[in-house]
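Those protein sequence lines, which keep their order, are chains Z and V.
Just add 3 to wherever you are in the first sequence, counting from 1, and you've got our numbering.
Just add 3 to wherever you are in the second sequence, counting from 1, and you've got our numbering.
Protein chains: 2
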Amino acid sequence: MKALIMAADGFEDMELHYPLYRLKEEGWDVTIAGPYKGIMTGKHGYTTLADTTFSKLVPKEYDLLVIPGGKAPEAVRLDMDALKTVKRFMGEDRPVAAICHGLQVLVSAETLEGRKATCWKGIRDDILAAGAMYTDSEVVVDGNLVTSRMPDDLPAFMREVFRLAAKAGIKATAKLKKAA
Amino acid sequence: MKALIMAADGFEDMELHYPLYRLKEEGWDVTIAGPYKGIMTGKHGYTTLADTTFSKLVPKEYDLLVIPGGKAPEAVRLDMDALKTVKRFMGEDRPVAAICHGLQVLVSAETLEGRKATCWKGIRDDILAAGAMYTDSEVVVDGNLVTSRMPDDLPAFMREVFRLAAKAGIKATAKLKKAA
């Protein structure tokens with residue numbers, strides 16, 4: 004059970020910390036990747052530590068990719084290594100969860116064509132232009148992809164993330180490991 | 004499964020929203036009470052709606068009381084109705100979860116004598132003076148009382164809150180209701 008969160012300065016604080024704490028609560032290892040290693044600061048002033056950089060990522064080491072929103076995605080989407088990791092996850096149908104402006108990264112990775120998704124309403128037209136089918140609902144699940152609109156959707160978002168992880172057999176494997 | 008969160012302006016944003024979202028994720032009804040009805044603003048600028056006021060609370064309607072930290076507890080502890088609710092919960096050994104400066108409310112409600120607890124280190128001497136036995140650990144469970152130190156303890160805090168709720172039979176009752 005290893006999760007990867009991709010962020011940068013200006014991340015939406017709740018959208019990073021709720022998944023981070025929630026995954027830890029369930030016993031997941033969580034790695035936070037950013038454009039550089041070290042302290043990153045959110046829109047609301049919370050800080051978090053980037054354990055590694057996008058350029059050092061080995062995507063196959065992680066079972067789940069989480070992309071929070073805020074102002075961070077406009078930096079993340081400009082990083083070619085970050086996009087390579089996103090393309091890898093999406094191309095291999097492995098669990099990806101993006102919320103709010105996090106979908107901007109999926110747009111730049113050209114991974115939304117024909118996919119059902121939701122996002123912050125301010126970027127709705129961008130995901131439509133990228134070929135996504137948009138719905139205004141708290142959470143949309145389409146195969147390997149879970150998307151939500153905003154912080155208040157976090158309960159539904161993480162509920163579906165865990166459902167998807169269980170379906171992908173991630174939780175089951177971990178349980179077996181624990182019992183051994 | 005009904006939870007009550009007690010707050011005021013200046014609440015610690017993560018410490019209110021993580022339990023709020025987490026409880027919603029599990030299907031709980033959550034009521035937020037404040038000194039007045041309406042929008043309250045956290046230390047970091049997040050807002051939340053106080054559904055009711057301390058003076059209108061009927062404690063027996065709730066299965067769990069959560070007290071987040073931040074600057075809010077210094078307002079909550081001055082409200083006699085708020086303290087009455089806290090005394091009621093503690094006196095009846097019903098689940099109470101307090102984090103960080105949230106323990107200030109337990110001090111003013113005179114409910115910490117002989118209890119094991121933790122809190123934000125800056126108020127450690129106040130809970131000691133109130134008769135508590137302090138430990139510097141991410142979470143302390145003593146009977147009906149779950150306490151933690153700070154936002155980064157939230158995964159352990161909520162894990163123990165749900166464990167306590169299950170032990171108190173709150174979850175079980177709700178599951179039966181769902182199945183009916």
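The beta carbon of each residue, even a glycine, is placed where N, CA and C say it ideally should be.
Residue i (DSSP reduced to helix, strand or coil)
i	result
residue 105 (chain Z)	helix
residue 124 (chain Z)	helix
residue 32 (chain Z)	strand
residue 114 (chain Z)	coil
residue 138 (chain Z)	coil
residue 100 (chain Z)	strand
residue 11 (chain Z)	coil
residue 132 (chain Z)	helix
residue 83 (chain V)	helix
residue 43 (chain Z)	strand
residue 68 (chain Z)	strand
residue 48 (chain V)	coil
residue 178 (chain V)	In this prediction, residue 178 (chain V) has a pLDDT of 48, which is less than 50 and means its spatial position is unreliable; what the coordinates show is noted afterwards. Correct three-state label for residue 178 (chain V): helix.
residue 61 (chain V)	coil
residue 16 (chain V)	helix
Alpha-carbon spacing of residue i relative to residue j, whole angstroms
i	j	result
residue 113 (chain V)	residue 130 (chain V)	10 Å
residue 172 (chain V)	residue 28 (chain V)	18 Å
residue 78 (chain Z)	residue 13 (chain Z)	9 Å
residue 66 (chain V)	residue 86 (chain Z)	46 Å
residue 39 (chain Z)	residue 63 (chain Z)	21 Å
residue 34 (chain Z)	residue 71 (chain Z)	14 Å
residue 61 (chain Z)	residue 88 (chain Z)	8 Å
residue 262 (chain Z)	residue 76 (chain Z)	A question about residue 262 (chain Z) goes unanswered here, because the residues of chain Z that appear run from 4 up to 183.
residue 6 (chain Z)	residue 81 (chain V)	43 Å
residue 183 (chain Z)	residue 150 (chain Z)	Any reading at residue 183 (chain Z) must be qualified, since the residue scores a pLDDT of 34, below 50, and its modelled position is unreliable; the value itself is stated next. For residue 183 (chain Z) and residue 150 (chain Z), the distance between alpha carbons rounds to 34 Å.
residue 147 (chain V)	residue 90 (chain V)	13 Å
residue 68 (chain Z)	residue 30 (chain V)	25 Å
residue 164 (chain V)	residue 32 (chain Z)	21 Å
residue 47 (chain V)	residue 54 (chain V)	21 Å
residue 166 (chain Z)	residue 101 (chain V)	29 Å
residue 137 (chain Z)	residue 126 (chain Z)	11 Å
residue 205 (chain V)	residue 59 (chain Z)	Residue 205 (chain V) falls outside the range modelled here, since chain V spans only 4 to 183, and no answer is possible.
residue 21 (chain V)	residue 97 (chain V)	21 Å
Sequence-distant residues of its chain with Cβ nearer than 7 Å to residue i (five each side left out)
i	result
residue 42 (chain Z)	50, 52
residue 115 (chain V)	109, 130, 133, 134, 135
residue 19 (chain V)	8, 10, 45, 51, 71
residue 123 (chain V)	72, 103, 104, 152, 153
Burial state of residue i, where buried means 16 or more other Cβ atoms lie within 10 Å
i	result
residue 152 (chain V)	buried
residue 24 (chain Z)	buried
residue 83 (chain Z)	exposed
residue 111 (chain Z)	buried
residue 169 (chain V)	exposed
residue 16 (chain V)	buried
residue 37 (chain Z)	buried
residue 73 (chain V)	buried
residue 156 (chain V)	buried
residue 178 (chain Z)	Note on residue 178 (chain Z): pLDDT 48, under 50, position unreliable in the model; the coordinate value appears next. Answer is exposed; the Cβ neighbour count stays below 16.
8 Å Cβ shell around residue i - same chain, five flanking residues per side excluded
i	result
residue 93 (chain V)	99, 109, 112, 114, 147, 148
residue 95 (chain V)	none
residue 162 (chain V)	142
Cut-off 6 Å between Cβ atoms - residues of its own chain near residue i, not counting five sequence neighbours on either side
i	result
residue 57 (chain V)	36, 82, 84, 85
### Query
Is the segment 112-120 of chain V close to the segment 141-156 of chain V, with three or more CB pairs under 8 Å?
yes
### Query
Can you find at least 3 beta carbon pairs, one from the segment 30-48 of chain Z and one from the segment 96-116 of chain Z, that sit closer than 8 Å?
no
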